[in-house]
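Counting the sequence shown from 1 gives a position; our numbering is that position plus 114.
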Amino acid sequence: MAVVTVTGDPGCRAEEVARLVAKRLKYEWVSEFALRRMVVEEYGSETSIPDRAMPAALAALVARAACEHHLVLTAPGAEALVGALSGVLRVRVSAPIRYRTGTLMIEHRLDQAGAVRLLAQLEAEERSLRRKQFGRARPRADEIDLAISSEGLDSDQIAQIIEHAAHVRMLPEAGLAPAALAADLEFAARLRLARHGISRAGRARIHKKRFANESEAIFANLLDFYRIAWEYEPRTFPLGAQESFTPDFYLPEFDLYVELTTMKQSLVTRKNRKVKLLRSLYPGVNIQVFYHKDFQNLIFKHGLADRPAAV
């Protein structure tokens, strides 16, 4: 198997680096959000998993996914989830406080004082999560294979270093995880969760997105950038006997459908007609249209054109 974990202190751009590593190695990128979604699929949305049982549950899900895909994993404590696996590269990205503060100022449009407060909040939240789930606020030295300072390096340069390290370790030649190992970890997780009356409700899987065009993939990156949950083409609305409309995205947190119109004007006119008809037939449905100019401004603002979307 081949699994790369990328973690880092807040403001180190670890998530962005992980996306780029996944793109370079052609691995599946599993974000923190995607990992949490897999937990919900496996155990149900109403189930609350105890903090100390969560690592076992997550490790089992990662091992099973590694039976089918090579992975780049980014989430707090990711390095501790792959200890039983072979063919792994565990990366930690760090930087001085002044650098991380500057990164947050740019990403969140904050002044220095606001960025300092946000950094302190994010650091406290991550330390608290790690203590609750792993019993320690930071990773152990023996859980990190490669430590990189992001000061003076952009995200793509860091990704290149990680890609080179992966090749040195011959990860691209590694096979997938053995099913027997995944089964052992899954059994251990289910046994531990059974003590809390928790049983499996489904079977989580990696969601590989296949977008219709590049604009949709870029928009998904924008949503990931802001940590906004999204679903791709989840519903088709009948508009007549021989006509229907499937919005590109649904944002469950806002109960909002989003349609992208980055095409030529004749097709935009046709799509606008469908959106207007949808609103008249389904008055309770909220839908927002993104036009070409607005979309290009977003791409330029956030530099998202070359980022792979989350799974």
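Here a beta-carbon is modelled for each residue, glycine too, at the ideal position from N, C-alpha and C. Note that the coordinates shown come from a computational prediction; the quantities given were computed from them, not determined experimentally.
Tell me the DSSP secondary structure of residue i in three-state form.
i           : result
residue 196 : coil
residue 346 : strand
residue 427 : Missing from the structure shown is residue 427; the chain here goes from 115 to 425 and no further.
residue 258 : coil
residue 312 : coil
residue 375 : strand
residue 307 : helix
residue 230 : helix
residue 358 : strand
residue 403 : strand
residue 365 : strand
residue 370 : strand
residue 320 : coil
residue 77  : Only positions 115 to 425 of the chain appear in the structure, and residue 77 is not among them; the question remains open.
residue 225 : coil
residue 325 : coil
residue 419 : With a pLDDT of 46 at residue 419, under the threshold of 50, the modelled position of that residue is not reliable, and the figure given next carries that caveat. Note: residue 419 maps to coil in three-state DSSP.
Could you tell me whether the Cβ atoms of residue i and residue j are closer together than 8 Å?
i           : j           : result
residue 343 : residue 147 : yes
residue 119 : residue 192 : yes
residue 116 : residue 292 : no
residue 299 : residue 174 : yes
residue 230 : residue 215 : yes
residue 205 : residue 320 : no
residue 348 : residue 364 : yes
residue 207 : residue 272 : yes
residue 401 : residue 392 : yes
residue 155 : residue 266 : no
residue 360 : residue 403 : no
residue 199 : residue 260 : no
residue 125 : residue 209 : yes
residue 201 : residue 288 : yes
residue 181 : residue 280 : no
Using the Cβ count rule (16 or more neighbours within 10 Å means buried), how would you classify residue i?
i           : result
residue 311 : exposed
residue 233 : buried
residue 418 : Because the pLDDT of residue 418 is 45, which lies under 50, any placement of that residue in the model is unreliable, and the question is left without a value.
residue 308 : exposed
residue 176 : buried
residue 425 : Legend: pLDDT at residue 425 = 44, less than 50; position of this residue unreliable, value from coordinates given subsequently. With 16 or more Cβ atoms within 10 Å of its Cβ, residue 425 is classed as buried.
residue 333 : buried
residue 350 : exposed
residue 123 : buried
residue 383 : exposed
residue 268 : exposed
residue 340 : exposed
residue 145 : buried
residue 178 : buried
residue 256 : exposed
residue 405 : exposed
residue 357 : exposed
residue 366 : exposed
What residues match up with residue i in a beta bridge as DSSP calls it?
i           : result
residue 204 : 119
residue 135 : Residue 135 is not bridged to any residue.
residue 142 : 185
residue 263 : 208
The ligand FMN and residue i: does any heavy atom of the ligand fall closer than 7 Å to the residue's C-beta?
i           : result
residue 334 : The ligand FMN is absent from the structure shown, which contains no ligand whatsoever.
Touching by the beta-carbon criterion (3+ pairs, under 8 Å), the segment 242–250 and the segment 155–168:
With the rule of 3 Cβ pairs closer than 8 Å, the segment 242–250 counts as touching the segment 155–168.
Is the number of C-beta pairs between the segment 138–152 and the segment 186–204 that are closer than 8 Å three or more?
Short answer: they touch.
Below 8 Å, can you find three or more Cβ-Cβ pairs linking the segment 131–144 to the segment 215–226?
With a cut-off of 8 Å on Cβ pairs, the segment 131–144 is not in contact with the segment 215–226, counting fewer than three such pairs.
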